[in-house]
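Take a look at the structure below.
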Amino acid sequence: MIGKVTLVGAGPSGKWLLTLKGAEAIQKADAVVYDRLVGEDILDLIPPEAERINVGKENNHHPVPQHEINEILVRCAKAGKNTVRLKGGDCYLFGRGGEECEHLLKNGVPFAVVPGVTSALAAPAFAGIPVTHRDYCSSVHIITAHARAGKALEIDFDSLVKLNATLVFLMGLTALEQVLSGLRKAGIAPETPAAVVENGTRGNQRKVVSTVADLTEKVRAAGLHSPAIIIVGRVCSLSDSLDWFTPLPLHGKTIAVTRPRERAGTLADKLRDLGANVVECPCIETHEIDNSAALKAVLAQHWDWVALTSPAGVPAMVHALRAAGHDMRALYGSKFAVIGSGTKKALEAYGISADLCPAVFDGAHLAKALADSAKPSERVLILRAEQGAQELTQILSERGVPFADIATYETIYRTDKGEQLREMLSEGTLDCVTFTSLSTVEGFVQAVGAADYTDFTALCIGEQTAAAARAHGMRVKIAKNATIDDMIACLLEESDHV
Ligand code: SAH
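See the structure below:
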């Protein structure tokens, strides 16, 4: 059966500005054809088994020509795939969405359109500029300032100036002076407020607000680049007073998050909420492993305690039990000891309250707390990563607590973000790197290789992680308690010095 093509507007940045309907379409897709500028966290919504086709322009590579994109869409649909065509911003606003739908229609392919949040409206909103305001104007116009190679702009400036409206120009940064001089020649007052917003709605958004007379010079001095929009009109004068985005405490800070993507969510989202430019660079990945023979053998006995040392260990435990032909009832009557609040929460999701959690969230404190709480001859089953830190088992041995140490998952280093990280390090654009475990430090070092590690703040969750970061020469800051909220508090305390 022929598949349907759904055009989805991805919005101007990440998944926060993607519509619920758009997210649902992506999650159900068999194939996704996407452009450059679509946020990585949106691409993460694509099911792993779906086909991904990147038709966007990367540095030094040409984009796939439009007629080929049209063909790809028809081919995917005719192969029976429900296909999502993901486009930046809104799909019908200067996105050639209309042409794509015409082609689908011609080829008998059913289609649907999910509108997106356009940069033409979202970038002004994040820059403190309401595109209309009763005191200043009553209409807003969105204009392309893209000229065909070597040709002059085909814009009717006389009509635009007569409107006395807000004018938003897309694709116009290289033609900025042409646009402004066109408006001046058509009689616009040179003192009319005007602005350029670069990377609108993103953590690295920058804006320059001035007047039609000298915007070009100021934009050049500030070195703004594409993607950017130009806004002309009296509403731009509100840009300072209504700016809610720039004053966010971590605005202008670039922070790399190294924990695995599935768990980066809360940390990355919280940092973004505070205005940071978050770059997700997962440096480790956890894979559950099949250790059912060993697990079956130990489950023949009763364990008074089960010790879990990371949130990833919780689903790994449940799956390992299943693989060994059991379920949670195999641990009936056992008490649960967890390393910290994240693991505690992960366990609660399975309906189990932890019986013990140390005051300081690390392996050594977990071991001491367990040794203090375990009655004589009580035995501990540790379910954790292969090659977990030695402190836990060492201290239990020293204190004479019997235990078994079974691996339910392994941690693998990921190096695919190395180039991006190296680039940021050499450009000096990285303010902070967050490390939520010892393995994220090792993964980061493996991904980046030899480099100067002194230029950014290594924000670490606990002593062990901090010691590993220090050993690589990093400037370390440690969260008081090993929680995500404390990491963030630690950043905020000194955000001026990050
Ligand atoms: N369909 C898109 C626009 C595509 S044309 C939309 O609705 O947003 C590409 C132009 O959009 C760029 O040249 C730039 O002018 C603008 N643009 C896209 N994303 C932007 C962003 N985050 N900040 C500022 N301008 C952006």
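Under the numbering used here, think of the first position of the sequence shown as -10, with each following residue one higher.
We put the beta carbon where it would ideally sit given N, CA and C, even for glycine.
Treat the numbers as computed from the prediction; the structure is a model and nothing was measured.
Beta-carbon proximity list for residue i, same chain, < 6 angstroms, skipping 5 on both sides
i, result
"R261", "V267"
"Y125", "R223, V224"
"F234", "F115"
"A471", "G329, F350, I450, G451"
"G176", "V150"
C-alpha distance - residue i paired with residue j, whole-angstrom precision
i, j, result
"H56", "A101", "20 angstroms"
"K324", "H276", "26 angstroms"
"E60", "K67", "10 angstroms"
"F424", "Y398", "20 angstroms"
"Y81", "A210", "33 angstroms"
"I371", "L297", "6 angstroms"
"P54", "V44", "8 angstroms"
"L414", "A456", "21 angstroms"
"L94", "L62", "12 angstroms"
"T155", "H92", "34 angstroms"
"K174", "L149", "12 angstroms"
"V21", "R250", "20 angstroms"
"R459", "E452", "10 angstroms"
"G78", "V106", "5 angstroms"
"A109", "V(-6)", "25 angstroms"
"I450", "A353", "14 angstroms"
"A301", "K333", "11 angstroms"
"L204", "D475", "42 angstroms"
"G264", "I144", "36 angstroms"
"E408", "Y442", "15 angstroms"
"L480", "V422", "11 angstroms"
Local conformation of residue i per DSSP, three classes
i, result
"C225", "helix"
"W5", "helix"
"K70", "coil"
"T332", "helix"
"F433", "helix"
"H308", "helix"
"C90", "helix"
"G0", "strand"
"F521", "Given that the chain is displayed from residue -10 to residue 487, the structure contains no residue 521 and the question cannot be resolved."
"D394", "strand"
"A184", "strand"
"R250", "helix"
"S299", "coil"
"I450", "coil"
"V465", "strand"
Cβ-based neighbour list, residue i, same chain, cut-off 7 angstroms, excluding 5 preceding and 5 following
i, result
"L410", "A245, C270, A436, V437"
"K10", "V103"
"S428", "I273, T400"
"A136", "L142, A164"
"D316", "L310"
Buried or exposed (CB count within 10 angstroms, at least 16 for buried), residue i
i, result
"S386", "exposed"
"G389", "exposed"
"Y23", "buried"
"K140", "exposed"
"R85", "exposed"
"S128", "exposed"
"E89", "buried"
Beta-carbon proximity list for residue i, same chain, < 8 angstroms, skipping 5 on both sides
i, result
"G87", "Y81"
"D232", "A116, G117"
"L213", "L162, V185, E187, R195, V197"
"K207", "V197, S199"
"L336", "L297, V303, F325, V327, S342, A343"
"S230", "G117"
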